[in-house]
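As structure tokens, the structure follows; a few thoughts come after it.
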Amino acid sequence: MDTWIVILVGILALLAGVALGFFIARKYMMSYLKKNPPINEQMLKMMMMQMGMKPSQKKINQMMSAMNKQVK
Numbered sequence: 000m001d002t003w004i005v006i007l008v009g010i011l012a013l014l015a016g017v018a019l020g021f022f023i024a025r026k027y028m029m030s031y032l033k034k035n036p037p038i039n040e041q042m043l044k045m046m047m048m049q050m051g052m053k054p055s056q057k058k059i060n061q062m063m064s065a066m067n068k069q070v071k
């Protein structure tokens, strides 16, 4: 009977550890992406120039604000 209790506690501890690890990793990644966005204004400007567009600052600001709204 004691063996089943030990196995049950072990399984519950494993599941709790997996769930806790998932939420900690998710919170860390969300804060990392908020501090270091994957695309900044300079990257956006270079991408537009490579596509043959002449980017204006107004257009870059519009695209950055649209991307920031999507993230939130």
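Taken in order, the sequence shown gives residues 0 to 71; the numbers are from numbering that gives the first Met the number 0. We put the beta carbon where it would ideally sit given N, CA and C, even for glycine.
In this structure, L43 places its C-beta atom within 8 angstroms of the C-beta atom of I59. Collapsing the DSSP output to three states places G51 in coil.
Following the DSSP letters along the chain, one finds N67 inside the alpha helix (DSSP H) bounded by residues 56-70. Per DSSP, reduced to three states, the secondary structure at I38 is coil, with no helix or strand assignment. Using a C-beta cut-off of 8 angstroms, the stretch 30-43 makes contact with the stretch 52-70, since at least three inter-stretch Cβ pairs fall below that distance. Separation of I6 and L14 (C-alpha to C-alpha, rounded to the nearest whole angstrom) is 12 angstroms.
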